[in-house]
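Here is the structure we will look at.
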Amino acid sequence: MVMGRVKGEEASMNGIINPSYADAKFLLFMGQRRTYFVLQKNDAVDTCQNLIGQAAVKFPPIPSSPNPFPFDFPMARYTLCALLLFAAVAAAAGANSDADDILIRQVVPEGEVEDHLLNAEHHFSTFKAKFGKTYATKEEHDHRFGVFKSNMRRARLHAQLDPSAVHGVTKFSDLTPAEFHRQFLGLKPLRLPAHAQKAPILPTNNLPKDFDWRDKGAVTNVKDQGSCGSCWSFSTTGALEGAHFLATGELVSLSEQQLVDCDHVCDPEEYGACDSGCNGGLMNNAFEYIIGSGGVQREKDYPYTGRDGTCKFDKSKIAASVSNYSVVSLDEEQIAANLVKNGPLAVAINAVYMQTYVGGVSCPYICGKHLDHGVLLVGYGEGAYAPIRFKEKPYWIIKNSWGENWGENGYYKICRGRNVCGVDSMVSTVGAIHASSQ
1 MVMGRVKGEE ASMNGIINPS YADAKFLLFM GQRRTYFVLQ KNDAVDTCQN
51 LIGQAAVKFP PIPSSPNPFP FDFPMARYTL CALLLFAAVA AAAGANSDAD
101 DILIRQVVPE GEVEDHLLNA EHHFSTFKAK FGKTYATKEE HDHRFGVFKS
151 NMRRARLHAQ LDPSAVHGVT KFSDLTPAEF HRQFLGLKPL RLPAHAQKAP
201 ILPTNNLPKD FDWRDKGAVT NVKDQGSCGS CWSFSTTGAL EGAHFLATGE
251 LVSLSEQQLV DCDHVCDPEE YGACDSGCNG GLMNNAFEYI IGSGGVQREK
301 DYPYTGRDGT CKFDKSKIAA SVSNYSVVSL DEEQIAANLV KNGPLAVAIN
351 AVYMQTYVGG VSCPYICGKH LDHGVLLVGY GEGAYAPIRF KEKPYWIIKN
401 SWGENWGENG YYKICRGRNV CGVDSMVSTV GAIHASSQ
């Protein structure tokens, strides 16, 4: 296990793309799989303070000395912090959403969140009324109330580790993390196709300060995947909808259900990496399917049902086709350049904080890089006062597929600059060719 500063051009490890020395980060490299977490400057201080608990001496700020190693604060305390984090990760060796939850519980002591359960019955009644929740039996009602209280605790934990976002009650608050993962996520294990093209390097010197494809008419309304692990299909169609708009000037809502029913493409080099409808899939597999089938129908011609069905693809009603797709490098400037030039991008993310997300810019101190949810990157900007760093945070604008009654009218803002929750790790751009429809 190694902990220390990372300097400028020397930092390019697992998604940390050359951070400037002024923004040096604390890295914790742990175990043979090189699991790591990134803590921004004084964010690391606060998080370690939580880990150690009742410390007699508060951590001083990290100095901005030109010398990276002669720190004036007790390094033994940071060593203890690293050991506690390591213990949490070791206890959660699966490197999945359960591991993320275990780590989060380790970082924020349970006693600090109990006050959030005051008036839990009132909050649960409000939740049921707002989202139309009903339960068949008293036993089911009581069980869901218990889950709701657990999720209130999780929201409080998330709020402490993600203070520039708002976490609280959402329409998923009566679901366990396992139920949420099974019903509303659905990204298959990641492996890029062996023959996938890499996107060419684009110039980045004239990128706009902020950019949003919604303002340019390239993004359809937020959709709702329902209780079906088909997020990958919405990410795929969203990227193709934008590419088709750039190619033709026409914004068409495309059919996710066609992909759910008809796309069973597998990566031959990776066992289990097959598109499987409501049981998950991969965006790049879906692009391969669209190339092979000739295209995708309109949503209105092949409407979404939210469940697996028999393929009813009608080739005579193709509305949009893929000319090519490519994988964007793990570099946020290149991601931004591809977004501006080529349209909305299909991306994957770790969704551990999304079950409790209400709004703001999500920039958690700790988040795993295990990817489990497919979404659409539509823009970027700056905003959201950050209580630790005393400045606005740059962020990505993410279109989700959980309806407009989640997040910020169906959208998610996540911190830009350090591959938070793996958001830069699996990014694809797609090109479209015009295909007339009846």
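Residues 1 to 438 in the UniProt record's numbering are what the sequence shown spells out, letter by letter.
Where is the CB? At the ideal position from N, CA and C, for every residue including glycine.
Judged by DSSP in its simplified three-state form, I366 adopts coil rather than helix or strand. S401 sits away from A348, with the two beta carbons spaced by 8 angstroms or more. Taking a contact to require three or more Cβ pairs closer than 8 angstroms, the segment 318 to 327 and the segment 219 to 226 do not qualify as touching. Contact check for H373 and C231: beta-carbon distance about 5 angstroms, within the 8 angstroms limit, so the pair qualifies. Taking a cut-off of 8 angstroms on C-beta distances, the segment 128 to 138 does not touch the segment 301 to 320, as fewer than three cross pairs fall below it. Straight through space, the alpha carbons of R307 and V375 are spaced by roughly 19 angstroms. Rounded to the nearest whole angstrom, the C-alpha separation of L202 and D267 is 28 angstroms. A residue is called buried when at least 16 other Cβ atoms come within 10 angstroms of its Cβ; H122 does not meet this threshold and is exposed. Relative to Q183, the option among S253, Y380, G277 whose CA is nearest is G277. Exposed is the label assigned to E250, since fewer than 16 other Cβ atoms lie within 10 Å of its Cβ. With 16 or more neighbouring CB atoms inside 10 Å of its own CB, P364 falls in the buried class.
Pairing A346 with D261, the inter-Cα distance amounts to about 20 angstroms. Residue environment: P303 is assigned as exposed (fewer than 16 neighbouring CB atoms within 10 Å of its CB, all protein chains considered). A Cβ-Cβ contact shorter than 8 angstroms links L185 with G229. Measuring C-alpha to C-alpha distances from Y353 to each of N342, G368, V340 identifies G368 as the nearest. Nearest neighbour of D275 by Cα position, chosen from L187, V420, S293, C311, turns out to be L187.
Membership of K149 in the alpha helix (DSSP H) is indicated by the continuous run 138 to 161. The C-alpha of F124 is placed about 50 angstroms away from the C-alpha of N205.
Here A348 carries a strand assignment [DSSP, helix/strand/coil].
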